[in-house]
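In what follows, a single structure is set out as structure tokens and then discussed.
Protein chains: 2
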Amino acid sequence: MTTTDREVENRLQQHQVRYTTGRRAVINSLAGAPGPRSAAELHAEIGTSVPLSSLYRSLTVLEEFGVVQPHFGAKGITRYELAEWLKGHHHHLICINCGSVDDIELPHPIEQQVRALVGDIGSMASFMPINHALEIEGRCGSCL
Amino acid sequence: MTTTDREVENRLQQHQVRYTTGRRAVINSLAGAPGPRSAAELHAEIGTSVPLSSLYRSLTVLEEFGVVQPHFGAKGITRYELAEWLKGHHHHLICINCGSVDDIELPHPIEQQVRALVGDIGSMASFMPINHALEIEGRCGSCL
DNA sequence: TTCCTTGCAAACGATTTGCATTGGA
DNA sequence: TCCAATGCAAATCGTTTGCAAGGAA
């Protein structure tokens, strides 16, 4: 059992929600992925023994209790990834050719700059920033 | 006829694509909106005389010729906005309470910083950045 | 036992498409 | 004129849900 596994187990226990085999499979699959994953992708990776509807339900409760978070992509496809407290704050590199979405963690000083910018923007526009995401579209290493 | 209207007309003409009444309605609606709009929202604003399927088709060709660009949001809803060359480069303030998406244009020096960051990230990750979007989630003025 | 969770199939909602008709250059 | 564009209805596809069966405390 990995650390992530244990942390998720604790979090769910605190809410009296069961950490079942299906939910565990989703978490482990996401923990090993380099970026957000859609229900269909998880279905392919985990194996078709777990029906799609169950995956969707697992993702729904995992999101509800702050374990995973959604990312909305092209063609109306929602991909999920582990929440920041499990995976760390990061941004996304989105390939306009193959559609892949990869995580990127900014060097601390740069992330600080972004954070400061977001704060400034908030006060500039009477908007209270809670979260931010720098999404960079372009061509990934395999598609150059 | 507005300037935007004329610019779109030229762009489409260059591609021998007709700038029809339906397409014109989409452009004018988007030109007057403070943020991206979904097909359903356009349908409501333009009037139900133009069927949804036609709106989708209009949006598809307008996107194909670089006149509008999509933004992917929660619940698999795609919203469109005028392309940057018509509307200017900007970012989005997304309200987690009411779901509204508003445009925000960064002061030039700040936008420069973001641009520089994106460039750095690209070389850091062997990724060729083409576009970037700083999406800020939080609570909008009406939902504070 | 008593709920929570899962499987299956049907239902949904956003978007797409086939086909016959209309309309603009 | 003549092909592109539109309307309508049916089809797709990702996602959700009702209901009965299975499983953990």
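Residue numbers (the numbering used here), protein chains in the order written: chain A, 1 to 144; chain B, 145 to 288.
Note that beta-carbon positions come from the ideal geometry of N, C-alpha and C, so glycine has one too.
Short CB-CB distance (under 8 Å) between residue 31 of chain A and chain B: Here residue 31 of chain A corresponds to residue number 31 of the first sequence, with the count starting at 1. No, its Cβ sits nowhere closer than 8 Å to a Cβ of chain B.
Residues that residue 222 of chain B contacts on chain A, provided the C-beta gap is smaller than 7 Å: Translated into the one-based positions of the second sequence, residue 222 of chain B becomes position 78. The contacting residues are 76.
Proximity winner among A:144, A:20, A:105, relative to residue 133 of chain A (alpha-carbon distances): Against the first sequence, residue 133 of chain A aligns to sequence position 133. Minimum Cα distance to residue 133 of chain A is reached at A:105.
What's the C-alpha gap between residue 197 of chain B and residue 59 of chain A? Here the question's residue 197 of chain B lines up with position 53 in the second sequence. Here the question's residue 59 of chain A lines up with position 59 in the first sequence. Approximately 31 Å between the Cα atoms of the pair.
If you scan the region 46 to 79 of chain A from start to end, which runs of the alpha helix (DSSP H) of 4 or more residues do you find wholly inside it? 52 to 64
Measuring straight from C-alpha to C-alpha, what distance separates residue 169 of chain B and residue 210 of chain B? Here the question's residue 169 of chain B lines up with position 25 in the second sequence. Here the question's residue 210 of chain B lines up with position 66 in the second sequence. Roughly 17 Å separates the two Cα atoms.
If we ignore side chains and look at the alpha-carbon of each, how far apart do residue 135 of chain A and residue 80 of chain A end up? The residue you call residue 135 of chain A lines up with position 135 of the first sequence. The residue you call residue 80 of chain A lines up with position 80 of the first sequence. Answer to the nearest angstrom: the Cα atoms are 15 Å apart.
Roughly how far, in whole angstroms, is the beta-carbon of residue 205 of chain B from the beta-carbon of residue 152 of chain B, given that I think they are within contact range, below 8 Å? What you label residue 205 of chain B is simply residue 61 of the second sequence in a count that begins at 1. What you label residue 152 of chain B is simply residue 8 of the second sequence in a count that begins at 1. Not really, about 11 Å apart at Cβ, beyond 8 Å.
Cβ closer than 7 Å: which chain A residues qualify as neighbours of residue 217 of chain B? Along the second sequence, one-based indexing puts residue 217 of chain B at 73. Per Cβ cutoff of 7 Å: 72.
For the alpha helix (DSSP H) containing residue 266 of chain B, list its first residue and its last residue. Counted from its first residue, the second sequence places residue 266 of chain B at position 122. Start and end: 252 to 269.
Take the Cβ of residue 6 of chain A as the centre, count every other Cβ of all protein chains shown within 10 Å, and call the residue buried at 16 or more, exposed below. On the first sequence, residue 6 of chain A is found 6 positions in, with the first residue counted as 1. With fewer than 16 other Cβ atoms within 10 Å, it is exposed.
Per DSSP, cross-strand counterpart(s) of residue 273 of chain B: Reading the second sequence from its first residue, position 129 is the one you call residue 273 of chain B. In DSSP, residue 273 of chain B forms a bridge with A:138.
Sort B:266, B:255, B:260, B:237 by Cα distance to residue 286 of chain B and report the nearest one. As a first step, residue 286 of chain B is located in the second sequence; it is residue number 142 there, counting from the start. Taking only the C-alpha atoms, the option nearest residue 286 of chain B is B:237.
For the beta strand (DSSP E) that contains residue 147 of chain A, what are its first and last residues? This structure cannot speak to residue 147 of chain A, because chain A is shown only from 1 to 144.
Is DSSP giving residue 185 of chain B helix, strand or coil here? Here residue 185 of chain B refers to the residue found at position 41 of the second sequence. It is helical.
Buried or exposed: residue 252 of chain B, going by 16 or more other Cβ atoms within 10 Å of its Cβ? Reading the second sequence from its first residue, position 108 is the one you call residue 252 of chain B. Exposed, by the Cβ-count rule.
Name the chain A residues that come within less than 8 Å of residue 283 of chain B, Cβ to Cβ? Stepping through the second sequence from its first residue, residue 283 of chain B is reached at position 139. 127, 128, 130, listed in chain order.
Drop a sphere of 10 angstroms on the beta-carbon of residue 119 of chain A, count the other beta-carbons inside from all chains shown, and report buried for 16 or more, exposed for fewer. Within the first sequence, residue 119 of chain A is the residue found at index 119, counting from 1. The residue in question, residue 119 of chain A, is exposed, as its Cβ has fewer than 16 Cβ neighbours within 10 Å.
C-beta atoms of residue 212 of chain B and residue 226 of chain B nearer than 8 Å: Along the second sequence, read from residue 1 onward, the residue named residue 212 of chain B stands at position 68. Along the second sequence, read from residue 1 onward, the residue named residue 226 of chain B stands at position 82. In this structure, residue 226 of chain B lies closer than 8 Å to residue 212 of chain B by Cβ.
Starting from residue 256 of chain B, find everything on chain A with Cβ-Cβ shorter than 8 Å and list it in chain order. Here residue 256 of chain B refers to the residue found at position 112 of the second sequence. Correct list: empty, because the minimum Cβ distance to chain A is about 11 Å.
For residue 95 of chain A, three-class secondary structure by DSSP: Here the question's residue 95 of chain A lines up with position 95 in the first sequence. It is a strand residue.
Provide the residue(s) that pair with residue 226 of chain B in DSSP beta bridges, ordered along the chain. Taking the first residue of the second sequence as 1, we reach residue 226 of chain B at position 82. Answer by DSSP bridge pairing, in chain order: B:212.
Which stretch, first to last residue, makes up the beta strand (DSSP E) that contains residue 101 of chain A? The residue labelled residue 101 of chain A in the question sits at position 101 within the first sequence. Here the beta strand (DSSP E) through residue 101 of chain A covers 101 to 104.
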